């Protein structure tokens, strides 16, 4: 069981690393490769620490899903949508801050 989790984690890390490198190589500006890789490694390091499995982060999202429905299938779907919206919001804020930073220079 533990070895399966480790193998999936290593596989996800390698696939994510390859996707970032390929997308940055295909980008014509070639700006921010090192920043993207550092951010990827920092975020990926949160998985073994249990940040995404911690009671605090999941309890808030699970609470919202539990308010809406008692059916597990719909609760997981709602929780997934909430995590997607949170992630999209973080990415949107990062892009907005980066554009603001580069337009001031």
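Residue numbers (our numbering): 9 to 113. Note that the Cβ used here is the ideal one computed from N, Cα and C, for glycine as well. Quantities reported herein were computed from a predicted structural model and do not represent experimental measurements.
Exposure of residue i, with buried meaning 16 or more beta-carbon neighbours within 10 Å
i, result
"residue 73", "buried"
Expected contact under 8 angstroms - CB spacing of residue i and residue j to nearest Å
i, j, result
"residue 24", "residue 52", "7 angstroms"
"residue 45", "residue 28", "6 angstroms"
Straight-line Cα distance separating residue j from residue i
i, j, result
"residue 11", "residue 101", "37 angstroms"
"residue 87", "residue 32", "31 angstroms"
"residue 4", "residue 68", "What is shown of the chain runs 9 to 113, which leaves residue 4 out entirely."
"residue 108", "residue 79", "43 angstroms"
"residue 76", "residue 91", "16 angstroms"
Nearest candidate by alpha-carbon position, reference residue i, set the options
i, options, result
"residue 83", "29, 111, 71", "71"
"residue 18", "29, 89, 49, 30", "49"
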